[in-house]
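Beneath this line is the structure, given in structure tokens, with notes to follow.
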Amino acid sequence: MILLLKILNALLMGYLLLLSVKIILTWFQGAYLGKAFTILSDITDPYLSLFYRLKYLRKGIFDFTPIAAILVLVVVLDMVNGLLYYGRITLGFFLAALLSALWSGVAFILLLFLIMGIIRVFILTFRHNANPALLKVVDIIIQPAVSLVMRTIKLGRRAGYTQYLLLTVGFLFVTWLLGGILVRMLVPLLQVI
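Its first residue numbered 31, the sequence shown is counted upward by one per residue in my numbering.
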């Protein structure tokens, strides 16, 4: 049984690596990536297609299906590791792995928005002559977060985009920081259930 779990662990880690490479390579859409990419796509696309059916994971320019696919593999890998090292999986161990994986996905998204917000604040503050294409991409990425803050919190008529952008960056940072602390506190508590 232990040998089977070690083999499954190695296969899952290898597949997770292949999946990660495939996702990164799709960022280079215009380049011809050759036969190796075709083989890689043949191996990973059936699994990814399961998540592409979930339409709520795609919103506007954002497609979170690869993140969901990776997180599911991480939870399964945690379960295999739990069986391998502890000989059993408890409900608490499963919930801790699930919470940890979910937070990893959310933290990644928060950090992405936070970095884009900081870049935008830097450009606004220093009136740096940014590349218009870069500025447009940054604005497209950060806009959903700023719009959510604008709909949620009303600062008054005098408040402009800069104030909402600063407020958004602040909320993103606090959420990222406090969420990480909360998850780090909850995971050990769940594991003992």
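Using N, Cα and C, we set each Cβ at its ideal position, and we do this for glycine too.
| query | result |
| --- | --- |
| Does the Cβ-Cβ distance between Leu196 and Val151 come in under 8 Å? | yes |
| Contact between the region 46 to 54 and the region 127 to 147: three or more CB pairs below 8 Å? | no |
| From the DSSP output, in three-state form, read off Arg88 for me. | strand |
| Any idea if Ala189 is buried or exposed, counting beta-carbon neighbours within 10 angstroms, 16 or more meaning buried? | exposed |
| Which residues does DSSP list as the beta-bridge partners of Asp93? | Arg88 |
| How is the alpha helix (DSSP H) around Gly135 delimited, first residue to last? | 121 to 156 |
| Between which two residues does the alpha helix (DSSP H) harbouring Lys166 extend? | 162 to 182 |
| Check whether the region 85 to 97 touches the region 67 to 74, counting contact only when three or more Cβ pairs, one atom from each stretch, lie closer than 8 Å. | no |
| What three-state label does DSSP hand Leu208 in the structure shown? | helix |
| Taking 8 Å as the cut-off, decide whether the C-beta atoms of Leu144 and Phe203 are in contact. | yes |
| With burial defined as no fewer than 16 other Cβ atoms inside 10 Å of the residue's Cβ, what is the status of Leu47: buried or exposed? | exposed |
| Thinking C-beta only, is Ile172 closer than 8 Å to Met146? | yes |
| Rank Leu113, Phe124, Ala175, Phe201 by C-alpha distance to the C-alpha of Leu216 and give the top, closest one. | Phe124 |
| Would you identify the three-state DSSP class for Val105, choosing helix, strand or coil? | helix |
| Once DSSP output is grouped into helix, strand and coil, what is the label at Thr198? | helix |
| Whole-angstrom Cβ separation of Leu49 and Leu103, contact assumed at under 8 Å? | 7 Å |
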